[in-house]
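Those protein sequences? They're chains A and B, same order as listed. Here the first sequence stands for residues 24 to 285, numbered as in this note's numbering. Here the second sequence stands for residues 24 to 285, numbered as in this note's numbering. No residue lacks a Cβ here, since even glycine has one placed at the ideal position from N, Cα and C. All values reported here derive from a predicted model rather than from experimental measurement. To start, the structure itself, in structure tokens.
Number of protein chains: 2
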Amino acid sequence: MKKEPNSIQVIERLARLLDAIAAQKEDASLKVLSAETGLHPSTAFRILASLAEEGFVERTSRGNYRLGMKLMQLGNRVGAGTDFRKIALPLMEKLRDQLDETVNLTVREGDEVVYVERSLAKRMIRVEQVIGSRAPLHVTAVGKLMLGEMGEEACRGYAKRSKLPQYTVNTRKTVAALLQDCTASAKRGYAYDDQEAEMGVGCIGALIRDASGQVIAGLSVSAPIERRRDEWTALVMQASEEISRQLGYHASFSTHHHKGNT
Amino acid sequence: MKKEPNSIQVIERLARLLDAIAAQKEDASLKVLSAETGLHPSTAFRILASLAEEGFVERTSRGNYRLGMKLMQLGNRVGAGTDFRKIALPLMEKLRDQLDETVNLTVREGDEVVYVERSLAKRMIRVEQVIGSRAPLHVTAVGKLMLGEMGEEACRGYAKRSKLPQYTVNTRKTVAALLQDCTASAKRGYAYDDQEAEMGVGCIGALIRDASGQVIAGLSVSAPIERRRDEWTALVMQASEEISRQLGYHASFSTHHHKGNT
DNA sequence: CAATCGTTTTCATAATATGAAAAAAGAACC
DNA sequence: GGTTCTTTTTTCATATTATGAAAACGATTG
């Protein structure tokens, strides 16, 4: 049992409880939650009661617990860039309608991308990513573009840190292979994910920039690999460019400018 | 300063902090947050650090605070009925596309409706409700349907409890007026909101039922009052019926059955 | 180079959250 | 319908935990 140095006990426990509730399919009973989190029943009870008072959890008629509306409320205000999600959504829906495949919007967070918005395909069989879920940079189209954008050195650094965990047989194995893919992708302005994160799933991604030219997000289509078409590339890029444009980005910033931080 | 009996101090404080962050337009500094919440800076700092560790908040490059991805993650799992939101969304989008006006999905929570999903009109001028926000039952189309559904007695009870706060000059003032509106609406199966919540905004709403015949949510279109058309009623009802159908509801349950609780 | 402002760490202290145990409230089982 | 389970809730003494004052640090500004 490790102990993070600075951390308020109750907060760490409350987080465990919320996760435990989220993990349950239906409502969760105190019994289950205290077992799941390893907390003493009366402790769990008290924390849950407090969470309920603040609206973080709710009690069902049976006295069970579920996540509360407050979380929805706060969750929808996440990302100072609430604005760019709003701007992107209609264009994501348009792209989704053109291709009839799921379109995702992701942002970078450390060495991962996080799914922040999506437009689901209206089909029975479709790719579906949970909002808030994560994936390492090197197994997604958008992530590889971001790596390419950062330049070779940063890319090597990432490879070293992450050890390039292998998600499928197609996941880039060597630094060389990754570098080559990322650089080429960044140069082209779009990237593929050929079943590198999950077998059977293929993506096409492009980057989104704000008025200062900074990359702030990535747009991608995800489809069962056998349905994916190369022709989509143009549409994905059009969509991402349109979003960037609406965010104030002017393409005039040179063809491709490798960043320089500090 | 009132003191709720059972409540863990840290949790109440953490809630205040999260609210304070959410209230800020951009990132918030420690200074601002501790001022806003009345917490001692070092206390606020420690709580925020813990929240950051769990991913509830994030720190910007400048060291400021913003809401974290974890909230998005949890927020998207709210409502055991995550499923019905998913089912409703495509049909909401379809309706939105037909009318080119904002479509909202709401659930009842106590004496209020909470906005849980939406499909925004793709127009410059549109009605826009924040997900997670609330409104009292008697000032919304869906809320009035829910009141009507519960029967006269429950409706009077609501009026007594809530005192029918007046949002605009059009808000139902008397119990009699409310009752008449709710009963008639429930009988018809749809309701209007004629600038009763906000001047200039008009809605048309209908209810959504699950397999057991229970009302689980409401669907509504919101538009600037001068754009709203009576003809939309049929489309709104079609959409809500289709959602109910997909949730397993069979209309065969009599024309209108006033519930019996207990 | 000071000086000011905001953030972070340290630390002794008291208040706070804790868990054991007892009490209530429901279920389940004759 | 009564009895015995289980599960939830309350109570309470205790020690652990979060607290806020103050000091250290760091950045920004004059």
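For this session: Please state if the CB of residue 129 of chain A and the CB of residue 240 of chain A are separated by a distance shorter than 8 Å.
Result: yes
For this session: Compare the C-alpha of residue 88 of chain B against each of B:182, B:40 and B:115 and name the closest.
Result: B:40
Exercise. Is the CB-CB distance between residue 286 of chain B and residue 271 of chain B below 8 Å?
Worked result: Residue numbering for chain B in the displayed model covers 24 to 285; residue 286 of chain B lies beyond these limits and cannot be assessed.
For this session: Less than 8 Å between the CB atoms is what I'm expecting for residue 154 of chain B and residue 139 of chain B, so what's the real figure, rounded?
Result: 7 Å
For this session: Look at residue 260 of chain B and residue 213 of chain B and say whether their C-beta atoms are less than 8 Å apart.
Result: yes
Exercise. Within 10 angstroms of its Cβ, does residue 171 of chain B collect 16 or more other Cβ (buried), or is it exposed?
Worked result: buried
For this session: Enumerate in chain order the residues of its own chain whose CB-to-CB distance from residue 54 of chain B is below 8 Å, with the five nearest sequence positions on each side excluded.
Result: 64
Problem set entry | residue 165 of chain A, DSSP secondary structure in three states | helix
Problem set entry | Same chain, Cβ closer than 6 Å to residue 281 of chain A, five either side skipped, listed in chain order | Here residue 281 of chain A scores only 44 on pLDDT, less than 50, and its place in the model is too uncertain to base an answer on.
Exercise. Is the Cβ-Cβ distance between residue 245 of chain A and residue 162 of chain A less than 8 Å?
Worked result: no
Exercise. Who are the near neighbours of residue 107 of chain A in its chain, counting only those whose CB is closer than 7 Å to its CB and skipping five residues on each side?
Worked result: 239, 240 and 270
For this session: Give a yes or no on whether 8 Å exceeds the smallest Cβ distance from residue 154 of chain B to chain A.
Result: yes
Exercise. Quick one: which chain A residues come within Cβ less than 7 Å of residue 65 of chain B?
Worked result: Those within 7 Å of residue 65 of chain B in chain A number zero; the least Cβ separation is about 12 Å.
Problem set entry | Interface residues of the region 189-212 of chain A facing chain B [CB-CB below 9 Å] | none
Exercise. Just curious, the alpha helix (DSSP H) that residue 181 of chain A is in, first and last residue?
Worked result: 175-185
For this session: Could you check if residue 253 of chain B is buried or exposed, using at least 16 other CB atoms within 10 Å of its CB as the buried criterion?
Result: exposed
For this session: Determine, using beta carbons only, whether residue 227 of chain B and residue 263 of chain B come nearer to each other than 8 Å.
Result: no
Problem set entry | Alpha-carbon spacing of residue 51 of chain A relative to residue 37 of chain B, whole angstroms | 23 Å
Problem set entry | Contained beta strand (DSSP E) runs [length at least 3] in the region 198-261 of chain B, N- to C-terminal order | 214-217, 224-232 and 238-247
Exercise. Just the Cα atoms here: how many angstroms apart are residue 184 of chain B and residue 43 of chain A?
Worked result: 35 Å
Problem set entry | Beta carbon proximity, residue 183 of chain B to chain A, threshold 8 Å | no
Problem set entry | Interfacial residues, the region 56-86 of chain A to chain B, with Cβ spacing under 9 Å | 69, 70, 72, 73, 74, 76, 77, 78, 79, 81 and 83
Exercise. What three-state label does DSSP hand residue 80 of chain A in the structure shown?
Worked result: strand
Problem set entry | residue 243 of chain B classed as buried or exposed, judged by whether at least 16 other C-beta atoms fall within 10 angstroms | buried
Exercise. Rounded C-beta distance between residue 293 of chain B and residue 160 of chain B? I'm assuming under 8 Å.
Worked result: The question about residue 293 of chain B has no answer, for chain B in this structure spans 24 to 285.
Exercise. How close, in whole Å, do the beta carbons of residue 176 of chain A and residue 35 of chain B come, if the pair is a contact with beta carbons under 8 Å?
Worked result: About 47 Å separates the two Cβ atoms, so there is no contact after all.
Problem set entry | Cutoff 8 Å: residue 229 of chain B Cβ touching any chain A Cβ | no
Exercise. If you measure beta-carbon to beta-carbon, which residues of the region 220-253 of chain B are closer than 9 Å to chain A?
Worked result: none
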